[in-house]
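Numbering (our numbering), first residue to last: 357 to 484.
Each remark here refers to the structure printed beneath this line.
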């Protein structure tokens with residue numbers, strides 16, 4: 357059996373550009389793609405923290421170290437420059453692969469520079 361599992365995310369990236377008339381995709385600083393293990397042209401999901409919009413597109417590689425997060429094409433209508441988004445990728449894994457698998461989480465600052473990475477998401481605790 358194959359399971360569709362969370363593979364990687366770039367957490368709370370800041371949208372630097374929204375280009376309606378550019379071919380669809382999200383151009384992402386190459387350093388962030390490499391750190392997350394997301395490949396160019398890989399399908400990605402994007403979730404806008406500011407307005408709740410969600411969309412699926414593919415990753416394009418932007419210049420390394422540029423801090424670019426450019427939401428392009430029709431998806432540009434779903435964001436505004438300055439919005440925070442989560443970019444996620446998923447992978448199909450079988451039971452054997454799951455035993456060794458851990459996702460990659462990349463955390464960035466307001467300029468889309470990596471602050472740290474993690475191989476798990478902290479367990480959510482009940483509010484006191």
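Built from N, CA and C at the ideal position, the CB exists for glycine as well.
Neighbour-count burial assignment, residue i, 16 or more Cβ in a 10 Å radius
| i | result |
| --- | --- |
| residue 544 | No information on residue 544 is available, as it lies outside the stretch 357 to 484 that the chain covers here. |
| residue 437 | exposed |
Inter-residue Cα distance where the pair is residue i and residue j
| i | j | result |
| --- | --- | --- |
| residue 439 | residue 398 | 22 Å |
| residue 392 | residue 480 | 22 Å |
| residue 448 | residue 361 | 6 Å |
Host beta strand (DSSP E) of residue i (start-end)
| i | result |
| --- | --- |
| residue 369 | 358-370 |
| residue 428 | 425-428 |
Integer-rounded CB distance, given that residue j should sit under 8 Å from residue i
| i | j | result |
| --- | --- | --- |
| residue 396 | residue 429 | Not really, about 16 Å apart at Cβ, beyond 8 Å. |
Neighbour flag for residue i against chain D, beta carbons, 8 Å
| i | result |
| --- | --- |
| residue 464 | Note that chain D does not occur in the displayed structure, where there is just one protein chain. |
Three-state class that DSSP yields for residue i in the structure shown
| i | result |
| --- | --- |
| residue 458 | coil |
| residue 375 | strand |
| residue 474 | strand |
| residue 431 | helix |
| residue 465 | coil |
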